[in-house]
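What follows is a single structure, written as structure tokens, with notes after it.
Residue numbers (this note's numbering): 344 to 409.
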């Protein structure tokens, strides 16, 4: 038996990802480029199933600032 995937939970931290993809509103992530290194942190079974939250994107970008 598989556990259902919560599309509203960030696959990295579990917090609300703020995704608006399935609504009429524009989603915050439409204007963001997700670095491949961040995407690679998502467990394979959750990749392309749930959006990464803004906090995780911002934290990753701060970690990798030059």
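The beta-carbon is built from N, C-alpha and C at its ideal position, and this holds for glycine as well.
Whole-angstrom distance between residue j and residue i, CA atom to CA atom
| i | j | result |
| --- | --- | --- |
| residue 349 | residue 398 | 18 Å |
| residue 360 | residue 407 | 21 Å |
| residue 346 | residue 365 | 21 Å |
| residue 383 | residue 391 | 11 Å |
| residue 395 | residue 379 | 12 Å |
| residue 374 | residue 400 | 12 Å |
Check: residue i C-beta below 8 Å from any heavy atom of the ligand GDP
| i | result |
| --- | --- |
| residue 354 | Ligands displayed in this structure: none; no statement on the ligand GDP is therefore possible. |
Cβ-based burial, residue i [other Cβ within 10 Å; buried from 16]
| i | result |
| --- | --- |
| residue 404 | exposed |
| residue 354 | buried |
Unbroken alpha helix (DSSP H) run spanning residue i, endpoints
| i | result |
| --- | --- |
| residue 400 | 397-406 |
| residue 348 | First-last for residue 348: undefined, no H or E at that position. |
Counterpart residues of residue i in DSSP-defined beta bridges
| i | result |
| --- | --- |
| residue 393 | Note: residue 393 sits in no beta bridge, so no partner. |
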